[in-house]
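Read top to bottom, the protein sequences are chains A and B.
Under UniProt numbering, think of the first position of the first sequence as 1, with each following residue one higher.
Under UniProt numbering, think of the first position of the second sequence as 1, with each following residue one higher.
Just so it is clear, CB atoms sit at the ideal spot from N, CA and C, and this is done for glycine as well.
For reference, the structure discussed in these notes is given below.
Protein chains: 2
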Amino acid sequence: MPLTTKIQLITLLITSCILFYWFLFSTSQSHITDQCNQYRYSFTNLNRPTRKEDAHVLILTPFKQSAHLVDTYFDNLLKLTYPHHLISLGFLVSDSTDGTFEKLQSRAQQTLPEWQRFNKITVLQKDYKYDLPTNEDRHKFEVQIQRRAIMAKSRNTLLSTTLSEEHDWVLWLDGDVIEYPATLLDELISLDKDVIAPNCWWHSYNEKGGYDKNNWQETNESIEFQKTIPHDQVLVEGYEAVLNTHRKLMIDMVNEGGNTDMYYTIPLDAVGGTCTFVRAQVHRDGAIFPPFAYQHQVETEGFAKIAKSLGYSIWGLPNYFVYHYI
Amino acid sequence: MPLTTKIQLITLLITSCILFYWFLFSTSQSHITDQCNQYRYSFTNLNRPTRKEDAHVLILTPFKQSAHLVDTYFDNLLKLTYPHHLISLGFLVSDSTDGTFEKLQSRAQQTLPEWQRFNKITVLQKDYKYDLPTNEDRHKFEVQIQRRAIMAKSRNTLLSTTLSEEHDWVLWLDGDVIEYPATLLDELISLDKDVIAPNCWWHSYNEKGGYDKNNWQETNESIEFQKTIPHDQVLVEGYEAVLNTHRKLMIDMVNEGGNTDMYYTIPLDAVGGTCTFVRAQVHRDGAIFPPFAYQHQVETEGFAKIAKSLGYSIWGLPNYFVYHYI
Chain A
1 MPLTTKIQLI
11 TLLITSCILF
21 YWFLFSTSQS
31 HITDQCNQYR
41 YSFTNLNRPT
51 RKEDAHVLIL
61 TPFKQSAHLV
71 DTYFDNLLKL
81 TYPHHLISLG
91 FLVSDSTDGT
101 FEKLQSRAQQ
111 TLPEWQRFNK
121 ITVLQKDYKY
131 DLPTNEDRHK
141 FEVQIQRRAI
151 MAKSRNTLLS
161 TTLSEEHDWV
171 LWLDGDVIEY
181 PATLLDELIS
191 LDKDVIAPNC
201 WWHSYNEKGG
211 YDKNNWQETN
221 ESIEFQKTIP
231 HDQVLVEGYE
241 AVLNTHRKLM
251 IDMVNEGGNT
261 DMYYTIPLDA
271 VGGTCTFVRA
281 QVHRDGAIFP
291 PFAYQHQVET
301 EGFAKIAKSL
311 GYSIWGLPNY
321 FVYHYI
Chain B
1 MPLTTKIQLI
11 TLLITSCILF
21 YWFLFSTSQS
31 HITDQCNQYR
41 YSFTNLNRPT
51 RKEDAHVLIL
61 TPFKQSAHLV
71 DTYFDNLLKL
81 TYPHHLISLG
91 FLVSDSTDGT
101 FEKLQSRAQQ
111 TLPEWQRFNK
121 ITVLQKDYKY
131 DLPTNEDRHK
141 FEVQIQRRAI
151 MAKSRNTLLS
161 TTLSEEHDWV
171 LWLDGDVIEY
181 PATLLDELIS
191 LDKDVIAPNC
201 WWHSYNEKGG
211 YDKNNWQETN
221 ESIEFQKTIP
231 HDQVLVEGYE
241 AVLNTHRKLM
251 IDMVNEGGNT
261 DMYYTIPLDA
271 VGGTCTFVRA
281 QVHRDGAIFP
291 PFAYQHQVET
301 EGFAKIAKSL
311 GYSIWGLPNY
321 FVYHYI
């Protein structure tokens, strides 16, 4: 073999090698460009009914000065049996000086095996510079209404920023709800209601009691009572000494009428925010958390009142428990 | 040179080549993985004031049976002098059988030079199966209120699905607004108001007139009048024969009081949706488009009433014109 032939052979080999890798490389590049393009354009038909298979859930949690709750919160989430790639998480941290944001940031970036990873995690910071004036006990009732209006704004900010076309359901889960079944999402999805809330209680090693008083039904007395007050007066539960609203609370309805089934559902007129599961379209239509009086309610109860006005139905699970930090 | 040396040389060359490209390829791959990760985690401080530089604008437009308007709409958008990479677009197409969705889809995917490309385009479909019953003229006023409630839901769906943490401003721009200055966004951003609306008129070759009657101020008479009606009665403008609301419309306030400056601003109590510019945080707080009566208003006027209740101020530009299709 003469030297020139050998040189030609080497040149040919090198060129083939370059061409082959150039081809590989450019294919991978265009594949990447395609991946990026899927974020630049998005076409979605929202007429689709809520998906039965592969429904995508957005879990939303407002946090305030709660660094100590973040680990328990994430440990519980990681146990959820619902496929994690169909779950996105959204957090709004407000008025916190205890490192809640940094703690959430580090848990969000935690290295996890593929099957445990959530679809997307969004952490927002938004302060409302509002502290409950603890000394003004005699204004407690009014202070509660102001506090609820701030909470409404923070829930609205979290919802409007994180909800996107891919979501079928939104789970509102308070950071201090520390115990719930790992099958929570599978069960709430299969119940297929517009809005549904489990019963939020607290428990210690030997005692338990109702926690979320905002899951309730109107009664004949409560409806009559509302006719006697100004249309923009705000009502809240848990201040019986100041104001008896005559509502029937779900915390008092466990096993009522001999119905002991865990999935037994009752119609509600208002919900709290400790653990409430909402069909995404209910929020999309405009059922947000009013920071203003709507049918005598603000925040989560106001949300339920708006949802009902828009034709949606609200349900409670009196025998299905989730537990709040005490 | 013995043959074995030559073989060694060739092997060495090929190996180097493989190693070099493997390195190039893997670097590009990890770069891509980084790009994808930026979508999986997002940390945002919403306490930041609205950005003066690099503010990101979301332009939202509901479309219904409007395929014929899509080209003009996009041609106008492409002329905007504000940097296009700081603009995202969101469309909601409802109850359309004329190919509006397909037309929007094709314009969204149009190949454009880098500097003309928008940041992100989202096109949603959501039908409300609602047709104005044209024969029932005697119910025209009631029908208008029903229609506005549907419009409110469609605006809320569009807003809640597309608004994200990156946006500083939202421009509501109706698909049939066919003429406006290319400097619209630069000018509205520099005015730095919570909510601000230019004056929407129509014009032909020799005539012009006011179009958007929903930009208005309350008057002493309108406030007194509202005390005489049920708190949940909905008012709409443009039905003087049925109902005189006593509002002062911005379409009637051009050059009023000798103020001829194009950027002259006046306080408003309600806005329409033809062309309205909103600080994103106003929407995030919960100022959506009520499909229910709020202070006697629904949809865009209701949005303004909620925004005012939340402490935001509403402004109009009586001498700054945008033109509606006639």
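- The beta-carbon of A108 (chain B) is placed less than 7 Å from the nearest beta-carbon of chain A.
- Around the CB of D212 (chain A), 16 or more other CB atoms lie within 10 Å, so the residue is classed as buried.
- By the neighbour-count criterion, in which a residue is buried when 16 or more other Cβ atoms sit within 10 angstroms of its Cβ, R107 (chain B) is buried.
- One thing to note: R148 (chain A) has its Cβ within 7 Å of the Cβ of E299 (chain A).
- Counting only runs of 3+ residues, the beta strand (DSSP E) found wholly inside the region 54-96 of chain B occupies 57-63 and 87-93, in chain order.
- Under the 7 Å criterion on CB atoms, F277 (chain B) is classed as non-interfacial with respect to chain A.
- Contact annotation: the region 151-162 of chain A touches the region 287-299 of chain A, with at least three C-beta pairs closer than 8 Å.
- The beta-bridge partner set that DSSP reports for T276 (chain B) consists of B:W172.
- Judged by DSSP in its simplified three-state form, F141 (chain A) adopts helix.
- For S160 (chain B), the nearest CB of chain A lies under 7 Å from its own CB, placing it at the interface with that chain.
- In this structure, V123 (chain B) sits away from I87 (chain B), with a CB-CB distance that is not shorter than 7 Å.
- Contact with chain B is absent for Q226 (chain A), since none of that chain's Cβ atoms lies less than 7 Å from the residue's Cβ.
- I326 (chain A) and A55 (chain A) have their alpha carbons spaced roughly 33 Å apart.
- Neighbours of I10 (chain A) in chain B, taken as residues whose beta carbon is under 8 Å from its own, are L9, I10 and L13 in chain order.
- Chain-order list of chain B residues neighbouring E240 (chain A): empty, with the shortest C-beta distance near 27 Å, by a criterion of under 9 Å.
- Any Cβ of chain A closer than 7 Å to the Cβ of H56 (chain B) would place that residue at the interface, and such an atom is absent.
- Interface annotation, F63 (chain A): not in contact with chain B, CB-CB separation never under 7 Å.
- Note that the C-beta distance between V170 (chain A) and V278 (chain A) is below 7 Å.
- By the criterion of a C-beta distance shorter than 8 Å, L69 (chain A) is surrounded in its chain by F63, G175, D176, I178 and Y325, once the five residues flanking it on both sides are discounted.
- Pairing N206 (chain A) with I306 (chain A), the inter-Cα distance amounts to about 39 Å.
- Residue environment analysis places G90 (chain A) among the buried positions, since at least 16 neighbouring C-beta atoms fall within 10 angstroms of its C-beta.
- If you check the CB distance, L185 (chain B) and Y323 (chain B) do not come in under 7 Å.
- Contact annotation, P267 (chain A) with S309 (chain A): C-beta distance approximately 15 Å; criterion of less than 8 Å not satisfied.
- Judged by DSSP secondary structure, I314 (chain A) falls within the beta strand (DSSP E) whose first and last residues are I314 to H324.
- L317 (chain B) places its beta carbon 7 Å or farther from that of P181 (chain B).
- Shown here, H203 (chain B) sits in a strand according to DSSP, grouped into three states.
- Here the C-alpha atom of L163 (chain B) lies approximately 33 Å from the C-alpha atom of E142 (chain A).
- Taking a contact as a CB-CB distance under 8 Å, the pair K208 (chain B) and W202 (chain B) counts as one, their CB atoms being some 7 Å apart.
- When the Cα atoms are used, S222 (chain B) and W315 (chain B) turn out to be separated by approximately 19 Å.
- Under a 10 Å Cβ-count criterion, I229 (chain A) is classified as exposed, with fewer than 16 other Cβ atoms of the shown protein chains found around its own Cβ.
- Note on geometry: alpha-carbon atoms of Y239 (chain B) and K140 (chain B) lie some 9 Å from one another.
- Note: V195 (chain B) is bridge-paired with B:V278 and B:I314 in the DSSP secondary-structure output.
- Counting only the Cα atoms, R40 (chain A) lies some 35 Å from G311 (chain A).
- Within chain B, H231 have C-beta atoms less than 7 Å from the C-beta of H231 (chain A), given in sequence order.
- In the DSSP assignment, N220 (chain A) falls within the alpha helix (DSSP H) that extends over N220 to Q226.
- Using a Cβ-Cβ cut-off of 7 Å, Q105 (chain A) is close to F43 of chain B, given in chain order.
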